[in-house]
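Participant: Please find one structure pasted underneath; my questions will follow.
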Amino acid sequence: MHKVSILKSYKSTITAVKYPLIVFSIAISLRSITEILALPYPIGYDVINYYLPSLVNFDNHWTSASNQFPLYLLLLHTITSVLQIHPRIVISASVVLIFGLFSLVIYSIARNIFHLNSFQSIFVSIFVIFQVSLLRTSWDLHKDMLGLTITLFCLSCVSRFPNISKRIMFAILPLSIISVLSDRMIGFLLSSVLIIYSLITRERQIAIIAIATSIIFVVALIANFEIIRNNIIIGNVENKTIQQPYTALNLVILFLLMSGILVPTGVIGVMKSRNIILKIPLIISLLGS
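Following our numbering, the numbering of the sequence shown begins with 10 at its first residue and continues without gaps.
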């Protein structure tokens, strides 16, 4: 009986690992193809104008980079310095890994929040990672992808409270801090969601995480206030002086072409879903967009 139970446990472990590994492998392969095809040239505006120059000449660029939520850049610099690997390779390898982790988070949400079976969760994960908008984000908005991946993981864990291990619950706070320090837009989204969700659930532990995360985010915003203010001023000046080549109608048409087919099923899904925590970032994102 003991051997039978061990065998069953072994088989269940293999099954639990096998399907996420399939999703991870597909995501890694998808994102690696573009990087390999582009060799030796880097891909993406931010990669060419921010990540690569900052890592190659870190000391010269640090003064300006330090005012732009530089946590991800510091991480890349640490890997480059310690392992003595060329920044081009580190940048590409890091975003490929992040894209793979993002696919695992989507699989986890499909399994644990939507309660889909393994094959349905694989389908959802593959469907999401092949979306044009996500592929565009992973193209050069690397710290956005990192922040978004961690944010979705934290929200997935928080939504299952209190039916979640204390060890994972304790890990949510440092992960949330990493997320809000990675990108200010993602940081605002995560902080807002945690605050609203803690007010709805009235759970003490979630409230502590929300308050601590929000304080860290506000401190980071204050530290980066000058460059944010300058960006707003420059943006206002450019909007008045430069004739924009697009209109609101152009943007609506673009949105409908890219995501219009998802809207009807998305509305049905939101109406039928009983999960609150995923509706909060959806509403905030809609208002922001």
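Heads up, the beta-carbon is just placed ideally off N, CA and C, and yes, glycines get one too.
1. If you draw a straight line from the C-alpha of residue 102 to the C-alpha of residue 215, how long is it?
2. Let me check understanding here. Comparing Cα to Cα, which of 79, 169 and 160 lies closest to residue 110?
3. What does a CB cutoff of less than 6 Å around residue 74 pick up in its chain, not counting 5 residues either side in sequence?
4. Can the beta-carbon of residue 3 be found closer than 8 Å to that of residue 267?
5. Of the residues 254, 289 and 28, which one's Cα is nearest the Cα of residue 135?
6. Which stretch, first to last residue, makes up the alpha helix (DSSP H) that contains residue 286?
7. Report yes if the CB atom of residue 149 is closer than 8 Å to the CB atom of residue 78, and no otherwise.
8. When you compare only the Cα positions, how much space is there between residue 30 and residue 126?
9. Are the segment 196-211 and the segment 221-236 touching by the rule of at least three beta carbon pairs closer than 8 Å?
10. Determine the extent of the alpha helix (DSSP H) in which residue 81 is found, giving its start and end residues.
11. Drop a sphere of 10 angstroms on the beta-carbon of residue 48, count the other beta-carbons inside from all chains shown, and report buried for 16 or more, exposed for fewer.
12. Which value, in whole angstroms, describes the spacing of the CA atoms of residue 275 and residue 298?
13. Would the beta-carbon of residue 195 fall within 8 Å of that of residue 151?
14. Taking the alpha-carbon positions, what's the residue 185 to residue 118 distance?
15. I need the boundaries of the alpha helix (DSSP H) containing residue 128, first residue and last residue.
16. For residue 217, is the classification buried or exposed, using 16 other Cβ atoms within 10 angstroms of its Cβ as the cut-off for buried?
17. Can you tell me which of the three DSSP states residue 44 falls into?
18. So what's residue 256 in DSSP terms, helix, strand or just coil?
19. Near residue 165, which residues of its chain fall below 8 Å by C-beta distance, leaving aside the five closest residues on each side in sequence?
20. What are the boundary residues of the alpha helix (DSSP H) that includes residue 214?
21. Using alpha carbons as the reference points, say which of 180, 171, 232 and 96 lies closest to residue 76.
22. According to DSSP, simplified to helix, strand and coil, what is residue 95?
23. Short check: CB of residue 177 to CB of residue 39, under 8 Å?
24. Evaluate residue 57 with the Cβ neighbour count: other Cβ atoms within 10 Å of its Cβ, from every protein chain shown; 16 or more gives buried, anything less gives exposed.
25. Quick one: is residue 61 buried, meaning 16 or more other Cβ sit within 10 Å of its Cβ, or exposed?
26. Identify the continuous alpha helix (DSSP H) that holds residue 124 and give its terminal residues.
27. Please classify residue 301: does DSSP put it in a helix, a strand, or coil?
28. Of the residues 205, 255, 188 and 41, which one's Cα is nearest the Cα of residue 144?
29. Which same chain residues end up closer than 6 Å to residue 80 when comparing Cβ atoms and leaving out the 5 residues on each side of it in sequence?
30. Among the candidates 281, 54 and 112, whose CA atom is the shortest distance from the CA of residue 132?
Facilitator: Per the coordinate set shown:
1. Taking the sequence shown and counting its residues from 1, the one referred to as residue 102 is at position 93. Taking the sequence shown and counting its residues from 1, the one referred to as residue 215 is at position 206. Looking at the two C-alpha atoms, the distance is approximately 34 Å.
2. The count along the sequence shown starts at 1 and reaches residue 110 at position 101. Closest option to residue 110, Cα to Cα, is 160.
3. Along the sequence shown, read from residue 1 onward, the residue named residue 74 stands at position 65. Taken in chain order, the residues that qualify are 63 and 82.
4. The structure shown does not extend to residue 3, since the chain is modelled only from 10 to 298, so the question has no answer here.
5. Numbered from 1 along the sequence shown, position 126 holds the residue referred to as residue 135. Ranking 254, 289 and 28 by Cα distance to residue 135 puts 28 first.
6. Along the sequence shown, one-based indexing puts residue 286 at 277. Neither: residue 286 is in no alpha helix (DSSP H) and is coded neither H nor E.
7. Indexing the sequence shown from 1 puts residue 149 at position 140. Indexing the sequence shown from 1 puts residue 78 at position 69. No, Cβ-Cβ distance for residue 149 and residue 78 is not below 8 Å.
8. Stepping through the sequence shown from its first residue, residue 30 is reached at position 21. Stepping through the sequence shown from its first residue, residue 126 is reached at position 117. Spanning the two alpha carbons is a distance of roughly 15 Å.
9. With three or more CB-CB distances shorter than 8 Å, the segment 196-211 counts as touching the segment 221-236.
10. For the purposes of this step, residue 81 is taken as the residue at position 72 of the sequence shown. That run of the alpha helix (DSSP H) goes 80-92.
11. Stepping through the sequence shown from its first residue, residue 48 is reached at position 39. Exposed: under 16 other Cβ atoms inside 10 Å.
12. Within the sequence shown, residue 275 is the residue found at index 266, counting from 1. Within the sequence shown, residue 298 is the residue found at index 289, counting from 1. Straight-line Cα distance between these residues: approximately 17 Å.
13. The residue you call residue 195 lines up with position 186 of the sequence shown. The residue you call residue 151 lines up with position 142 of the sequence shown. No, Cβ-Cβ distance for residue 195 and residue 151 is not below 8 Å.
14. In the sequence shown, residue 185 corresponds to position 176, counting from 1. In the sequence shown, residue 118 corresponds to position 109, counting from 1. Roughly 17 Å separates the two Cα atoms.
15. Residue mapping note: residue 128 aligns to position 119 of the sequence shown, counting from 1. It spans 127-138 - the alpha helix (DSSP H) in which residue 128 sits, taken as one unbroken run.
16. As a first step, residue 217 must be located in the sequence shown, where it is residue number 208. That one is exposed.
17. Within the sequence shown, the letter at position 35 stands for residue 44. DSSP, read as helix, strand or coil, puts residue 44 in helix.
18. Locating residue 256 in the sequence shown gives position 247, where the first residue counts as 1. For residue 256, the three-state secondary structure derived from DSSP is coil.
19. Reading the sequence shown from its first residue, position 156 is the one you call residue 165. 114, 117, 118, 121 and 122.
20. Numbered from its first residue, the sequence shown carries residue 214 at position 205. Run containing residue 214: 213-232, per the alpha helix (DSSP H) assignment.
21. Counted from its first residue, the sequence shown places residue 76 at position 67. With distances taken between Cα atoms, residue 76 lies closest to 232.
22. On the sequence shown, position 86 is the one that residue 95 refers to. Note: residue 95 maps to coil in three-state DSSP.
23. Counting from 1 along the sequence shown, the entry for residue 177 is found at position 168. Counting from 1 along the sequence shown, the entry for residue 39 is found at position 30. With respect to residue 39, residue 177 sits apart: the two C-beta atoms are not nearer than 8 Å.
24. Taking the sequence shown and counting its residues from 1, one reaches residue 57 at position 48. By the 10 Å Cβ count, residue 57 comes out exposed.
25. Within the sequence shown, residue 61 is the residue found at index 52, counting from 1. Classification of residue 61: buried, given that the 10 Å Cβ count is 16 or more.
26. Mapped onto the sequence shown, residue 124 falls at position 115. Where residue 124 is concerned, there is no enclosing alpha helix (DSSP H), given that its DSSP letter is neither H nor E.
27. The chain is shown from 10 up to 298; residue 301 falls before or after that span and cannot be answered.
28. Within the sequence shown, residue 144 is the residue found at index 135, counting from 1. Of 205, 255, 188 and 41, the residue nearest in Cα terms is 41.
29. Position 71 of the sequence shown, counted from the first residue, corresponds to residue 80. Only 190 and 191 meet the Cβ criterion.
30. Residue 132 sits at position 123 when you count from the first residue of the sequence shown. Of the candidates 281, 54 and 112, the one whose C-alpha sits nearest the C-alpha of residue 132 is 112.
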